[in-house]
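S.K.: Protein chains in written order, with the numbering used here: chain P, 239 to 624; chain Y, 2 to 253; chain X, 4 to 297. Ideal Cβ positions, reconstructed from N, Cα and C, are used throughout, including at glycine. Computed from a prediction, not measured in an experiment: that's the story for all the values here. Encoded as structure tokens, here's the structure I'll be asking about.
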Amino acid sequence: MRFIFKTDYNQDLRLLKHSGYWWSYGVLAAFLILAPFGLDNYLVSQLVFVFIYALVGVSLTILTGFTGQVSLGHAAFLAIGAYTAGFLQSLGVPFIIYFPAAAIVTGLVGMLVAIPALRLSGIYLVIATIAFAFIIEEVAARWEAVTHGNEGMRVRTLDVFGGNGVTLPRDEPGFYFLCLGILVLMVILALNLARSPTGRAFMAIRDSETAAKSMGVNLALYKVKSFTISAAITGMAGVLFAHKLSFISPEMFTLLLSLEFIMVIIIGGIIGLHGAVLGAIFIVMIDPFLTLLKDDVPGLVSSIALLFGAAQETAASIGAAVGNVGSAPGMKGALYGLIIIFFIIFEPYGLYGRWLKVKLYFQLFPLYKKATFKRQKTYVKSERNR
Amino acid sequence: MSLFQVDNISLHFGGLRAVDDVSFAVEKGEVFTIIGPNGAGKTSIFNLISRLYNPTAGTLTFEGQDITKLPPHEIATLGIARTFQNIELFENASVLANLLVGRHCHTTTNVLTELLFLPSVRKAELAHRRAVEQVIEFLGLQKYRDMLIAGLPYGVRKVCEVARALCTEPKLLLLDEPSSGLNVEETSDMAFWITDIKKELGITVLMVEHDMTLVNRVSDRVLALNYGKVLAGGTPAQVQSHPDVIAAYLGG
Amino acid sequence: MLDFIQQLVNGIALGCVYGLIALGFVLIYKATEVVNFAQGELLMLGGFFAFTFITFMGLNYWIGFLLAVICMALLGSTIERVVVRPILGYPQFSIVMATIGLGFFARSVAGMIWGTDDLKIDTPFSRSVTENVVRIGSLVIADDKISIIVATVLLCIVLYLFFSRTRMGIAMQATSQNMLAAYYMGIPVKRVFSLIWAISAAVACFAGILLAPSTLIHTNVGFIGLKAFPAAVLGGFGSIPGALVGGIIIGVIEQLAGFYLPQGFKDVAAYIVLLLVLWFKPDGLFGMKMRKKV
């Protein structure tokens, strides 16, 4: 186990606490920089989606993980960012302007949503954000002058300065690095927030609103701040999302997408920003995994069956059965459902929580107690009176 | 003029008079204790002072300023800090982070500079840290500094509550039953700390307490309440020998 | 004026279905503090079960109805045992997500079993193909609308009697007031929870079968559950009559918005009303204000 000898308060403010971090993040950085040149196009494209989902994951970690406010309407913020970008681009505005503009517009909408949300907590807030998302979806479908309604809207290639020839097509490394850069920047900003008074005020609101009030935290102001920051980051993700898909239409921004975003932080783990990234990897990679299940696994299973001495036909039918399961309609939904339930029952702190436990196990070996992370059962924990 | 003054304050929940026309004044530099049976309205008075409840009638004056209409989060900035009877710490954060929240009312930085963590933010953070470390030193919380509240024993949490309140650098400290749930030894520590808070830090203390030994040890003046009304006020000895108080406690 | 009354009646019928779903939410929430986002999917499953018994197996409508309700009640208590009980006491957010996951799962599995086509149940109310409406003057009311309103009223009377007159009903009320105290008083809290889920699933099944003639049965019918949220919130989320009244209000508003306002408002009317209510009266129209004690 590593013991850090602290001699200076600055040490607690560092983002990279010790040399081990430099090593692990260095390796990760090297991989991410080399990836677009080494991996095949499909995987690189999936990595871009990982970055975009992770960006939303970061925004939700700020809102839900730090501040304890739940939103099931983040698809709407993504839509606002995407449509703002698409609309401004069609007016001939360059990326360098409409990117921040989309973030600001989305942030402002986030602020407006936060104002009625101030008086709400728990389940009422969840329902209010769902209602907000439905209304935005309907607006996107009906406001044809801006959004082209249900026909959808084409988003042209990303042009940084507008007509200067600096373009970043969605399948080239340039776009990949843009997404990566924005994600890294936002993660750093979020970490900065976490170690400063605003982040602590968020955390105070999450754990006890009464005590936060008495310590001088203006609940309304900080909830609005949290919503605004979260929405603005999601708006940025929306711009990148629109460019990556090069086409946007209202039915892309449904409740299902909001749920996928929430799944990102549930699966990744709500206790830290690592969770946002891990969860994004998990969610984005479900699709390739299902394809694998459809294409390769049946063959593999039947050949294994053959190996164990099954007859040719039996082996083939086993393979076909596995293939059927993989390609059944709605398989993705069922899988999502099972994954959510599984994580909530068995690993409420997500993949990152699991990682921390594994790390602790090796650090304390052989003294690790199984009960270290045992949850206490509570019978009467009521959130009604919050 | 008194540091803090309560004039004819009342709090009614429908027909229930939780606090009924109560007046008292706390002088600078004293320990003022409110006693009374359960349901006498002691904690309600605290909640009125920290503005969690709106009084039905009456005024609260702190340093000559009327605070009856202020929003709850401005109370801390004025210099009134409080602890809670049933611990309200930030469970999923470390002791250090909890105490730093106590510094919130002294925040000088804004969100934009914090997002970028400019040198000015770093400087402010280091200043907050130094202030918090003094409180940690004062209450002997060094070894719990980096631990999560959720993993601490009850007695330590109680001390953390006091520490967090002290971090706001209050002029008036409200302690809501500081000894409830503590054992004899911890209660005795608490008594020393309250005396030190008064003498060394020069902070005025307004306290609600049941444990009469603690009340006698630390209080300068005592106010006895029952059914939201004032029964008696004065030195601990005077109040304890007051016939109405004896009747209220013994059910005479 | 006639148009208005016509829309009003249709709205009330629709609102009764919302009210029944909202009733399911409220029953579970009151007793266990779990907000069941899968209530709409329970309704969907109820419809599918009824289809299996009545159309597929060719049983009598009423027997099939009863069997479907019993099956759903069993399923409800199974869900409680397998999914909900292990996570009781977790933050509300986790529980909400678990029930959403459950909804996903139920929808996909239903799609795999019953396919994605629209299914139809023949009801004994449709007297003939051409004439399945009741005319009162020039007012035309479809039979299935009347069946919904009548069944809702009957179901409410039964539930009211159950909660106020039976031992188990009173035990449930006690549990919803204070779980731990109820446990100490010898009320079998776990069984109460199972039973609450069973009742709630049965009510959802009821709503699903009643809704079947007008919307048909398909895997996305459960999304109607999302419309029932505004109903439950309007009713204050803790009040059983509130849920029904809220449902009827939402149903009427939606129907009128669809008739009088431009296209597009019908789908979001319920949510706009919801946001307005939350804005001005955050605890719903019938909600109780509770305060945390410090």
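Give me the residue from Gly80(Y), Asp67(Y), Leu153(Y) with the minimum Cα distance to isoleucine 88(Y).
M.R.: Leu153(Y)
S.K.: So threonine 492(P) and lysine 463(P) are supposed to be a Cβ contact under 8 Å. How far apart are they, rounded?
M.R.: 28 Å between Cβ atoms; not a contact.
S.K.: Measure from the C-beta of methionine 441(P) to each C-beta in chain X and report whether the shortest distance is under 9 Å.
M.R.: Methionine 441(P) does not count as touching chain X.
S.K.: Going by DSSP in three states, serine 95(Y) sits in which element: helix, strand or coil?
M.R.: If DSSP states are grouped into helix, strand and coil, serine 95(Y) belongs with the strands.
S.K.: Would you call the stretch 91-104 of chain X in contact with the stretch 34-49 of chain X, where contact means no fewer than 3 C-beta pairs closer than 8 Å?
M.R.: With a cut-off of 8 Å, the stretch 34-49 of chain X and the stretch 91-104 of chain X count as touching, because enough Cβ pairs lie within range.
S.K.: Taking 9 Å as the CB-CB limit, is lysine 461(P) close to chain X?
M.R.: no
S.K.: What number of angstroms, rounded off, separates the C-alpha of leucine 215(Y) from the C-alpha of isoleucine 36(Y)?
M.R.: 11 Å
S.K.: Could you check where the beta strand (DSSP E) with isoleucine 300(P) kicks off and where it finishes?
M.R.: According to the DSSP assignment, isoleucine 300(P) belongs to no beta strand (DSSP E), since it is labelled neither H nor E.
S.K.: For my contact list, glycine 190(P) and alanine 341(P) are in at a C-beta cut-off of 8 Å; report their separation, rounded to the angstrom.
M.R.: Chain P is shown only over 239 to 624; residue 190(P) falls outside these bounds and no answer can be derived.
S.K.: Determine which residues share a DSSP beta bridge with threonine 205(Y) and list them.
M.R.: Answer by DSSP bridge pairing, in chain order: Leu173(Y).
S.K.: Count the other CB atoms, across all protein chains shown, that sit within 10 Å of the CB of valine 20(X); report buried if there are 16 or more and exposed otherwise.
M.R.: buried
S.K.: Taking 9 Å as the threshold (beta carbon to beta carbon), is valine 455(P) in contact with chain Y?
M.R.: yes
S.K.: Spell out the partners DSSP gives isoleucine 81(Y) in its beta bridges.
M.R.: Leu173(Y)
S.K.: Can you check whether the C-beta of lysine 619(P) is within less than 9 Å of a C-beta belonging to chain Y?
M.R.: Below a pLDDT of 50, predicted positions are generally treated as unreliable, and lysine 619(P), at 45, falls in that range; the measurement from the model is reported next regardless. Judged by the 9 Å Cβ criterion, lysine 619(P) is not in contact with chain Y.
S.K.: Can you tell me whether DSSP reads valine 143(X) as helix, strand or coil?
M.R.: strand
S.K.: At least one CB of chain P closer than 9 Å to the CB of tyrosine 263(X): is that the case?
M.R.: Answer no: the Cβ-Cβ gap between tyrosine 263(X) and chain P never drops below 9 Å.
S.K.: Tell me where the beta strand (DSSP E) around asparagine 9(Y) begins and ends.
M.R.: 5-14
S.K.: Spatial neighbours of glutamine 284(P) within its chain, please: C-beta separation below 6 Å, excluding the five flanking residues on both sides.
M.R.: Non-local C-beta neighbours of glutamine 284(P) in its own chain, meaning closer than 6 Å and more than five positions away in sequence, comprise Val522, ordered along the chain.
S.K.: Residues of chain P with CB closer than 7 Å to the CB of isoleucine 275(X), please, in chain order.
M.R.: Ile373
S.K.: Helix, strand or coil: which one does DSSP assign to arginine 622(P)?
M.R.: Low confidence applies to arginine 622(P): its pLDDT is 45, below 50, so where it sits in the model is not reliable, and the reading given next is rough at best. Correct three-state label for arginine 622(P): coil.
S.K.: Terminal residues of the continuous alpha helix (DSSP H) containing leucine 105(X)?
M.R.: 95-117
S.K.: Quick check on this structure: which residue in Ile335(P), Pro338(P), Leu358(P), Tyr247(P) has the alpha carbon closest to the alpha carbon of leucine 97(Y)?
M.R.: Tyr247(P)
S.K.: Does DSSP put aspartate 397(P) in a helix, a strand or coil?
M.R.: strand
S.K.: Taking only beta-carbon positions, decide if leucine 140(Y) is within less than 9 Å of chain P.
M.R.: no
S.K.: Applying a beta-carbon distance threshold of less than 8 Å, which residues of chain X neighbour alanine 366(P)?
M.R.: Leu277, Leu278, Leu281
S.K.: Taking the CB atoms as reference points, tell me whether threonine 205(Y) and leucine 173(Y) lie closer together than 9 Å.
M.R.: yes
S.K.: Please tell me whether isoleucine 467(P) and isoleucine 300(P) are closer than 9 Å, where the distance is taken between their beta carbons.
M.R.: Going by C-beta atoms, isoleucine 467(P) is nearer than 9 Å to isoleucine 300(P).
S.K.: Indicate whether lysine 199(Y) and glycine 15(Y) have their beta-carbon atoms separated by less than 9 Å.
M.R.: no
S.K.: Mind pulling the chain X residues with CB within less than 9 Å of arginine 408(P)?
M.R.: Within chain X, no residue comes near arginine 408(P); the closest Cβ sits about 30 Å away, beyond 9 Å.
S.K.: Quick one: using the 10 Å Cβ neighbour count with 16 as the cut-off for buried, is aspartate 445(P) buried or exposed?
M.R.: Counting the other CB atoms within 10 Å of its CB gives aspartate 445(P) a total of 16 or more, which places it among the buried residues.
S.K.: Could you work out which residues of chain X lie near leucine 576(P), taking near to mean beta carbons separated by less than 9 Å?
M.R.: Gly104, Phe107, Phe108
S.K.: In whole angstroms, what separates the C-alpha of leucine 316(P) from that of valine 477(P)?
M.R.: Per the coordinates, the alpha-carbon of leucine 316(P) lies some 8 Å from the alpha-carbon of valine 477(P).
S.K.: Relative to chain P, which residues along the stretch 110-123 of chain Y have a C-beta separation below 9 Å, given in chain order?
M.R.: Thr110, Asn111, Val112, Thr114, Glu115, Leu116, Leu117, Phe118, Val122, Arg123
S.K.: Between which two residues does the alpha helix (DSSP H) harbouring asparagine 13(X) extend?
M.R.: 5-35
S.K.: If we define contact as Cβ-Cβ less than 9 Å, is leucine 127(Y) a contact residue for chain P?
M.R.: yes
S.K.: What whole-angstrom Cβ distance do leucine 219(X) and leucine 62(X) have, given they're in contact under 8 Å?
M.R.: Actually they are not in contact, since the Cβ atoms of leucine 219(X) and leucine 62(X) sit about 19 Å apart, beyond 8 Å.
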